[in-house]
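First the structure, in the form of structure tokens, and then the observations on it.
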Amino acid sequence: MAAVLAATALRGDDSVTVPGKKPMLLHNDRPEDLETPPEYFRSWLTPNDAFYVRQHLPRPKVNGESYRLTVNGKVSKPLTLNLDDLRKLPQFEVPATMECAGNGRAFFRPRVPGSQWMRGAIGNASWRGPRLSDVLKLAGFQPDAAFVEFDGADEGVLSTPDFVRSFPMKKMLHPATLLALRMNGEALPDFHGFPCRLIVPGWVGACWLKWVRRITVSETPNTGFFMNPAYRFPRYDLPPGTPVKPDELDMIQGMAVKSIIMDPVDQSTAAAGPVNISGIAWAGEEKVERVEVSTDGGMHWAAAGLSRENLPFAWRLWNFSWQPKKRGYYTVLSRATDSAGRVQPFVAVWNPSGYAWNAVDRIGILVEHV
Ligand SMILES: Nc1nc2c(c(=O)[nH]1)N[C@H]1C(S)=C(S)[C@@H](COP(=O)(O)O)O[C@H]1N2
Ligand SMILES: [Mo]
50 MAAVLAATAL RGDDSVTVPG KKPMLLHNDR PEDLETPPEY FRSWLTPNDA
100 FYVRQHLPRP KVNGESYRLT VNGKVSKPLT LNLDDLRKLP QFEVPATMEC
150 AGNGRAFFRP RVPGSQWMRG AIGNASWRGP RLSDVLKLAG FQPDAAFVEF
200 DGADEGVLST PDFVRSFPMK KMLHPATLLA LRMNGEALPD FHGFPCRLIV
250 PGWVGACWLK WVRRITVSET PNTGFFMNPA YRFPRYDLPP GTPVKPDELD
300 MIQGMAVKSI IMDPVDQSTA AAGPVNISGI AWAGEEKVER VEVSTDGGMH
350 WAAAGLSREN LPFAWRLWNF SWQPKKRGYY TVLSRATDSA GRVQPFVAVW
400 NPSGYAWNAV DRIGILVEHV
């Protein structure tokens, strides 16, 4: 009985404390999958100790002194680099938002299996380290090789294969694609890939390989589990609840346009006076151009104020001050538009793995006094 109770508590939305982290929402405890609680989305940079954690395999503990990075495959000078070699290359700083492909999975109907992330499998950090392209140049990469494969220090276990993935050369040569050694001014925490992780700005979290220790330039993409069927999206929209043919799936790359409401909390009661509605918005490789808010279920929309900094890859904070005219229950919606003209849809595309949830966000709020 005690075991059953413990398991229930662990799978619920209760917050837990894990060494090195603020209380987080727990989705899995071995290894930890931790969701960021809403209050941390009030700052543009998400603190390292409140940043969400997603790991498929037991977390490796890498020693910085003995760490070696191997660069091989279609290269003229295979390399073995240590941490100092990486630190001596020109360092670049890129603020970028990382979102798990499964963020928002809990909202799909019919439900889909997998971690039931709500709004918080996302964070924005300032990443620093050498450009991947500089490391590839050092190794004399063959420029017509179309893919770069990455393996981290985490290793496969019985039920889960090793986390190995490869990405198109074009994105790997982008000047914002880094091998990050630092996160928000600190060495990368173990949870986030110490000592070295791949930063793929604008692309979903599954591309941001942690604990990188092997980079292989290749002519063909990796074909392991984490390339296919994982992290793929149906090429054609499906009736919700139906299976998909494996050869009708494409790799998920860029993040969708999306906004979420952080304040007020869903199903809360507003204090008297103006109600501050606020949240965040992001758009993968595009810039966020506009966020609109409706306080009447979508009949009328008004523009929210956006934080000034408008970069590709990084989210913007938004807010909207609302004075309700009468008491009652209100449905509040938010929707973002990006620099490519993409608008956050009312309906997210159902898919069997529950990826890329980006429907207009929605909360309910009770106003008792105006
Ligand atoms: N080596 C390795 N890298 C990984 C993963 C992993 O399991 N192993 N998970 C990926 C996924 S699915 C996500 S969403 C992000 C999560 O990064 P974070 O834990 O730093 O938030 O890391 C990615 N990189
Ligand atoms: Mo993820």
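Sequence positions in the sequence shown follow the numbering used here and run 50 to 419. Positions of the beta carbon are idealized from the N, C-alpha and C atoms, including for glycine. Since this is a predicted model, take the numbers as computed values, not measurements.
**Prompt:** So what does DSSP say about residue 375, is it helix, strand or coil?
**Reply:** coil
**Message:** I'd like the list of long-range same chain contacts for residue 50, defined as Cβ closer than 6 Å, with 5 residues on each side in sequence excluded.
**Reply:** The pLDDT assigned to residue 50 is 27, lower than 50, so where the model puts this residue is not dependable, and the model offers no usable value.
**Prompt:** Using a Cβ-Cβ cut-off of 6 Å (strictly less than) and excluding sequence neighbours within five positions of residue 251, which residues of its own chain qualify?
**Reply:** 303, 333, 334, 362
**Request:** State the start and end residues of the unbroken alpha helix (DSSP H) segment that holds residue 183.
**Result:** 181-187
**Prompt:** Would you call the CB atoms of residue 309 and residue 157 closer than 9 Å?
**Reply:** no
**Request:** Going by CA-CA distance only, name the one from 166, 182, 256 that's closest to residue 74.
**Result:** Per the Cα distances, 166.
**Request:** Check each candidate in 245, 160, 411 and name the one with the smallest Cα separation from residue 290.
**Result:** 160
**Item:** Straight-line Cα distance separating residue 376 from residue 248
**Value:** 47 Å
**Request:** Using only alpha-carbon positions, find the residue among 319, 327, 395 that is nearest to residue 408.
**Result:** 395
**Message:** For residue 123 and residue 113, I'd like the C-alpha separation in whole angstroms.
**Reply:** The straight-line gap from Cα to Cα measures roughly 27 Å.
**Request:** Answer yes or no: do residue 170 and residue 88 have a C-beta to C-beta separation smaller than 9 Å?
**Result:** no
**Message:** Closest to residue 285 by C-alpha separation, out of 81, 400, 267, would be which residue?
**Reply:** Minimum Cα distance to residue 285 is reached at 400.
**Prompt:** Do you know offhand how far residue 418's Cα is from residue 323's?
**Reply:** When rounded, the distance between both Cα atoms is 11 Å.
**Request:** With hydrogens ignored, establish whether the beta-carbon of residue 255 is closer than 8 Å to any heavy atom of ligand 2.
**Result:** yes
**Cβ neighbour criterion (16 or more within 10 Å) applied to residue 208** = exposed
**Simplified DSSP assignment, three categories, for residue 142** = Note: residue 142 maps to strand in three-state DSSP.
**Message:** Given 8 Å as the limit, tell me if residue 145 has its C-beta closer than that to any heavy atom belonging to ligand 2.
**Reply:** no
**Asked** Roughly how many angstroms separate the alpha carbons of residue 95 and residue 210, rounded to a whole number?
**Response** 30 Å
**Spatially closest choice to residue 282 from 175, 145, 299, by CA coordinates** = 299
**Prompt:** Three-state secondary structure (DSSP) at residue 281?
**Reply:** strand
**Message:** Following a CB-centred definition, is residue 379 positioned closer than 8 Å to any heavy atom of ligand 1?
**Reply:** no
**Message:** Once the 5 residues before and after residue 131 are set aside, which same chain residues still bring their CB inside 8 Å of it?
**Reply:** 116, 117, 118
**Prompt:** Would you call residue 184 buried or exposed, if buried means 16 or more other Cβ atoms sit within 10 Å of its Cβ?
**Reply:** Its Cβ being crowded by 16 or more others within 10 Å, residue 184 is buried.
**Message:** Pop quiz: residue 370 and residue 342 are said to be a contact at Cβ under 8 Å. What is the actual Cβ separation, rounded to whole angstroms?
**Reply:** Going by Cβ atoms, the distance from residue 370 to residue 342 rounds to 10 Å, so no, they are not a contact pair.
**Prompt:** Are the beta-carbon atoms belonging to residue 287 and residue 136 less than 9 Å from one another?
**Reply:** No. Outside cutoff.
**Prompt:** With respect to 8 Å, is the separation between the Cβ of residue 103 and the closest non-hydrogen atom of ligand 2 below this value?
**Reply:** yes
**Asked** Who are the Cβ neighbours of residue 405 in its own chain at under 6 Å, not counting the five residues just before and after it?
**Response** 305.
**Three-state secondary structure assigned by DSSP to residue 349** = coil
**Message:** Can you list, in chain order, the residues of its chain with a C-beta nearer than 6 Å to that of residue 359? Leave out the 5 residues immediately preceding and following it.
**Reply:** 336
**Heavy atom of ligand 2 within 8 Å of residue 330 beta-carbon** = no
**Prompt:** Hey, out of 353, 266, 125, 316, whose CA is closest to residue 215's CA?
**Reply:** 266
**Beta-carbon proximity check, residue 268 vs residue 199, cutoff 9 Å** = no
**Message:** Are there any heavy atoms of ligand 1 lying less than 8 Å away from the beta-carbon of residue 170, as far as the coordinates show?
**Reply:** At least one heavy atom of ligand 1 is nearer than 8 Å to the Cβ of residue 170, so yes.
**Prompt:** residue 134: beta carbon under 8 Å from a heavy atom of ligand 4?
**Reply:** Here the bound small molecules are ligand 1 and ligand 2; ligand 4 is not part of this structure.
**Request:** Would you kindly report the start and end of the unbroken beta strand (DSSP E) that includes residue 221?
**Result:** Unbroken run through residue 221 is the alpha helix (DSSP H), 218-221; no beta strand (DSSP E).
**Test item: CB-CB of residue 259 and residue 172 under 9 Å** = no
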